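A.B. asks:
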Amino acid sequence: MTQEIAILSAKPETAAEIPPVRKVFVKTYGCQMNVYDSDRMTDALAKDGYVSTDVMEDADLVLLNTCHIREKAAEKVYSALGRLRDLKKKKAGEGREMMIGVAGCVAQAEGDEILRRAPAVDLVIGPQTYHRLPDALKRVRRGERVLETDYAIEDKFEHLPSPDKAKTRARGVTAFLTVQEGCDKFCTFCVVPYTRGSEVSRPVAQIMAEASKLVEAGVREITLLGQNVNAWHGVGADGAEWGLGELLHRLAEIDGLARLRYTTSHPRDMDATLIEAHRDLPQLMPYLHLPIQSGSDRILKAMNRRHTTAEYIALVERIKAARPDIAMSGDFIVGFPGETDEDFEDTMRLVETIGYAQAFSFKYSTRPGTPGADLDGQVPEDVKAKRLERLQDLLLSQQRAFAEACIGREIDLLLEKPGRMSGQLIGRSPWLQSVNVDAKASQIGDIIKVRITGAGPNSLFAETIS
Ligand code: SAH
Ligand code: SF4
Ligand code: F3S
60 MTQEIAILSA KPETAAEIPP VRKVFVKTYG CQMNVYDSDR MTDALAKDGY VSTDVMEDAD
120 LVLLNTCHIR EKAAEKVYSA LGRLRDLKKK KAGEGREMMI GVAGCVAQAE GDEILRRAPA
180 VDLVIGPQTY HRLPDALKRV RRGERVLETD YAIEDKFEHL PSPDKAKTRA RGVTAFLTVQ
240 EGCDKFCTFC VVPYTRGSEV SRPVAQIMAE ASKLVEAGVR EITLLGQNVN AWHGVGADGA
300 EWGLGELLHR LAEIDGLARL RYTTSHPRDM DATLIEAHRD LPQLMPYLHL PIQSGSDRIL
360 KAMNRRHTTA EYIALVERIK AARPDIAMSG DFIVGFPGET DEDFEDTMRL VETIGYAQAF
420 SFKYSTRPGT PGADLDGQVP EDVKAKRLER LQDLLLSQQR AFAEACIGRE IDLLLEKPGR
480 MSGQLIGRSP WLQSVNVDAK ASQIGDIIKV RITGAGPNSL FAETIS
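Heads up: the sequence shown begins at 60 in our numbering, then just goes up one per residue.
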């Protein structure tokens, strides 16, 4: 008889009969939304008697929450599954069962293939069906190999438990909150509309309830998440149609919620109310991740981004006029099919024009099933690599310049976690930089005034101002 069946059938009567706890190990790849989803799955599993473990070898269930955005990300899953197959065999030899589940965007995109290529996998579950996880695991325990990738008709958020108070407390003073999921924009390079489905906004009341719960559990800073977070819309308490700007206003009224952020936003969805929120809400941090991908209008058109570089520059100017100290962040793709040296130079010029505090850049990765995969003019890998290196050098120099410019400034610092040196804590600046400062562990969650004294490669140093 397996352990699981024993758990289901036996009613413990004495302490000696209390069943062993089941342990889940979750490995998260990809974006912040996967981080949020992993926590929600962990919370759902806790109701099912699972506790989390950081030690994979101890787990009765290993869940990989996967990312499909670039080929490399997707490949990681199969190599991880190879290692897990060996672990599962080893544990079976010791008489312990281990279930393997694959969640996330690779599960959604390649569910059948995973089951075919990796016989050790017991469960494949897509991002829209996480609320069915406990039920799916029951089916696995009955001997089924489960594939759950059909988009649910019911709203998964209504059925997933909201964040657990004790767990939220343990997770720290900052938290993610998904307000929007999926994408209808269909940029020609991108898998997200296929893996996350079409754009869905969570209702205002659900978001407000979750935010309040987070704050009650000690959270001071919430980052609203969405693949196109600023496409979020809903009906407000006043019956009016709200956009993200209105939602931020409402969230800013929650007592104890000191800081708000949101990511990722699309340039086409930055409306006037949202821009004004940056001017009017002190809680809204002056940092904006606003990807453009390329500085060439020709390439932007081929990518189906549906705006020009001039429109983007004008938009950033409007945002900076509303909030002069805002730090800009972005994403770039080099080597999209048809990208010439000239197009790439346009990207370099655009980066010079905007001046990013931080940015992510990638070599174009051909994704099966996206329109980009069928385009002529695929760029050779060595050309992509050279362009990426030049772009990253420029972005890094801008990031350094931004950090250096912070030296001497007095800022508010939200103390988040212990630092590497004892007697120090790490906090976040309004511009999302990590800052090291001398402080006591009991101050975690406090916002203190500090002066920036130095800049290292990945973080800043500061002293408290008494
Ligand atoms: N919704 C966001 C992006 C989400 S994906 C937006 O519209 O900006 C995160 C980033 O991954 C993208 O901004 C893009 O820079 C990168 N990316 C997406 N697909 C890619 C691909 N096929 N190859 C390389 N990078 C890609
Ligand atoms: Fe992908 Fe474009 Fe949607 Fe962003 S907006 S998730 S890049 S399709
Ligand atoms: Fe990756 Fe899916 Fe996020 S593809 S980037 S995990 S939405």
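Glycine is no exception: its CB is placed at the ideal position from the N, C-alpha and C atoms.
All values reported here derive from a predicted model rather than from experimental measurement.
Where in the stretch 459 to 492 do unbroken runs of the beta strand (DSSP E), each at least 3 residues long, occur, reported from the N-terminal end onward?
C.D. replies: 469 to 477 and 483 to 487
A.B. asks: Between V165 and the ligand SF4, is there a pair consisting of the residue's CB and a ligand heavy atom that are separated by less than 6 angstroms?
C.D. replies: Sequence index remark: in the sequence shown, residue 165 carries index 106 (1-based). No, the Cβ of V165 stays beyond 6 angstroms of every heavy atom of the ligand SF4.
A.B. asks: Near the ligand SF4, which residues have their beta-carbon closer than 6 angstroms to a heavy atom?
C.D. replies: C242, K244, F245, C246, C249, V251, P252, Q286, N287 and H325
A.B. asks: Check this for me: beta carbons of G3 and P350, under 7 angstroms apart or not?
C.D. replies: Because the chain is modelled from 60 through 525, residue 3 falls outside the range shown and cannot be assessed.
A.B. asks: Use the C-beta contact count for P341: other C-beta atoms within 10 angstroms, 16 or more gives buried, fewer gives exposed.
C.D. replies: Numbered from 1 along the sequence shown, position 282 holds the residue referred to as residue 341. Classification of P341: exposed, given that the 10 Å Cβ count is below 16.
A.B. asks: For the structure I just gave you, are there three or more beta carbon pairs, one from the stretch 270 to 279 and one from the stretch 454 to 462, closer than 8 angstroms?
C.D. replies: Flag = no, the stretch 270 to 279 and the stretch 454 to 462 do not touch.
A.B. asks: By Cβ distance below 8 angstroms, which residues in the same chain neighbour K476 in space, the five residues on each side in sequence not counted?
C.D. replies: Numbered from its first residue, the sequence shown carries residue 476 at position 417. Hits under 8 angstroms: G231, L484, I485 and I503.
A.B. asks: Mind pulling the beta strand (DSSP E) runs of 3 or more residues that sit fully within the stretch 151 to 181?
C.D. replies: Qualifying beta strand (DSSP E) stretches, in chain order: 158 to 162.
A.B. asks: Quick one: what does DSSP say V205 is sitting in, helix, strand or coil?
C.D. replies: Numbered from its first residue, the sequence shown carries residue 205 at position 146. V205: strand per DSSP, three-state reduction.
A.B. asks: Tell me which residues share the same chain as A74 and place their Cβ nearer than 6 angstroms to its Cβ, disregarding the 5 neighbours each side in the sequence.
C.D. replies: To locate residue 74, count along the sequence shown from 1; it is residue 15. In this predicted model, A74 has a pLDDT of only 45, less than 50, meaning its place in the structure is not dependable; the value taken from the coordinates is given anyway. The answer is none, since no qualifying residue turns up.
A.B. asks: Within 10 angstroms of its Cβ, does I524 collect 16 or more other Cβ (buried), or is it exposed?
C.D. replies: Taking the sequence shown and counting its residues from 1, the one referred to as residue 524 is at position 465. With fewer than 16 Cβ atoms within 10 Å of its Cβ, I524 is classed as exposed.
A.B. asks: In angstroms, rounded to a whole number, what distance separates the CA positions of K499 and V110?
C.D. replies: Within the sequence shown, the letter at position 440 stands for residue 499. Within the sequence shown, the letter at position 51 stands for residue 110. So the two alpha carbons sit approximately 30 angstroms from each other.
A.B. asks: Contact defined as beta carbons within less than 8 angstroms: I believe S257 pairs with V288. What is the distance between those atoms, to the nearest angstrom?
C.D. replies: As a working mapping, residue 257 is identified with position 198 in the sequence shown. As a working mapping, residue 288 is identified with position 229 in the sequence shown. About 15 angstroms; that fails the 8 angstroms criterion.
A.B. asks: Could you check whether I466 and I511 sit closer than 7 angstroms to each other, using their CB atoms as the reference points?
C.D. replies: Looking up residue 511 in the sequence shown gives position 452. Looking up residue 466 in the sequence shown gives position 407. Yes.
A.B. asks: Provide the residue(s) that pair with Y346 in DSSP beta bridges, ordered along the chain.
C.D. replies: Taking the first residue of the sequence shown as position 1, residue 346 is located at position 287. When DSSP reads this structure, Y346 sits in a beta bridge with A386.
A.B. asks: Leaving out five residues before and five after D96 in sequence, what residues of the same chain have Cβ atoms less than 7 angstroms from its Cβ?
C.D. replies: Your numbering for residue 96 matches position 37 in the sequence shown. Answer for D96: N124, P186 and Y189, listed in chain order.
A.B. asks: What does DSSP give as the partner residue(s) for V496 in the beta ladder?
C.D. replies: As a position in the sequence shown, residue 496 is number 437, starting the count at 1. Partner(s): L484.
A.B. asks: Return yes when the Cβ of E440 is within less than 7 angstroms of the Cβ of A514, no when it is not.
C.D. replies: Indexing the sequence shown from 1 puts residue 514 at position 455. Indexing the sequence shown from 1 puts residue 440 at position 381. No, Cβ-Cβ distance for A514 and E440 is not below 7 angstroms.
A.B. asks: Cβ atoms of S355 and D405: under 7 angstroms apart, would you say?
C.D. replies: Looking up residue 405 in the sequence shown gives position 346. Looking up residue 355 in the sequence shown gives position 296. Contact flag set, yes.
A.B. asks: Quick one: grab the DSSP three-state call for N570.
C.D. replies: There is no way to answer for residue 570, as the model of the chain reaches only from 60 to 525.
A.B. asks: Could you say if the stretch 425 to 438 and the stretch 373 to 390 meet the contact criterion of at least three C-beta pairs nearer than 8 angstroms?
C.D. replies: no
A.B. asks: Suppose the cutoff is 6 angstroms on Cβ atoms and the five residues either side in sequence are ignored; what does the same chain contact list for N517 look like?
C.D. replies: Numbered from 1 along the sequence shown, position 458 holds the residue referred to as residue 517. Nothing meets the Cβ criterion.
A.B. asks: Between the Cα of M530 and the Cα atoms of G241, T247, D297 and L236, which residue gives the shortest distance?
C.D. replies: Nothing can be reported for residue 530: it is not among the residues displayed for the chain, which extend from 60 to 525.
A.B. asks: Report the rounded CA-to-CA distance for E398 versus M362, giving the unit in angstroms.
C.D. replies: Within the sequence shown, residue 398 is the residue found at index 339, counting from 1. Within the sequence shown, residue 362 is the residue found at index 303, counting from 1. Looking at the two C-alpha atoms, the distance is approximately 11 angstroms.
A.B. asks: List the DSSP bridge partners of H292.
C.D. replies: Against the sequence shown, residue 292 aligns to sequence position 233. Per DSSP, the beta bridge partners of H292 are G302.
A.B. asks: Are the stretch 114 to 132 and the stretch 80 to 87 in contact at 8 angstroms, needing three or more beta carbon pairs?
C.D. replies: yes
A.B. asks: Could I get the ranges of all uninterrupted beta strand (DSSP E) runs contained in the stretch 199 to 270, with 3 residues as the minimum, in chain order?
C.D. replies: 205 to 207 and 233 to 237
A.B. asks: Do you know offhand how far K197's Cα is from E134's?
C.D. replies: Locating residue 197 in the sequence shown gives position 138, counting from the first residue. Locating residue 134 in the sequence shown gives position 75, counting from the first residue. Approximately 29 angstroms, taken between the alpha carbons.
A.B. asks: Using DSSP bridges, identify the partner residues of G513.
C.D. replies: Counting from 1 along the sequence shown, the entry for residue 513 is found at position 454. DSSP lists F520 as partners of G513.
A.B. asks: For the beta strand (DSSP E) containing I503, list its first residue and its last residue.
C.D. replies: By one-based count along the sequence shown, residue 503 stands at place 444. That residue, I503, is in no beta strand (DSSP E); it is neither H nor E in DSSP.
A.B. asks: When DSSP labels each residue in this structure, what does Y415 get in the three-state scheme?
C.D. replies: Reading the sequence shown from its first residue, position 356 is the one you call residue 415. Y415: coil per DSSP, three-state reduction.
A.B. asks: Could you have a look at Q352 and say whether DSSP puts it in helix, strand or coil?
C.D. replies: Locating residue 352 in the sequence shown gives position 293, where the first residue counts as 1. If DSSP states are grouped into helix, strand and coil, Q352 belongs with the strands.
A.B. asks: Could you spell out where the beta strand (DSSP E) holding E280 opens and where it closes?
C.D. replies: The residue labelled residue 280 in the question sits at position 221 within the sequence shown. Per DSSP, the unbroken beta strand (DSSP E) holding E280 starts and ends at E280 to L284.
A.B. asks: Under the DSSP definition of a beta bridge, which residues are partnered with T322?
C.D. replies: The count along the sequence shown starts at 1 and reaches residue 322 at position 263. Its beta-bridge partners are L284.
A.B. asks: According to the Cβ coordinates, are V165 and V180 closer than 7 angstroms?
C.D. replies: Locating residue 165 in the sequence shown gives position 106, counting from the first residue. Locating residue 180 in the sequence shown gives position 121, counting from the first residue. Between V165 and V180, the CB-CB gap reaches or exceeds 7 angstroms.
A.B. asks: Short of 7 angstroms in beta carbon distance, which residues of its chain neighbour R201, apart from the five on each side in sequence? Order them along the chain.
C.D. replies: By one-based count along the sequence shown, residue 201 stands at place 142. Contacts found: none.
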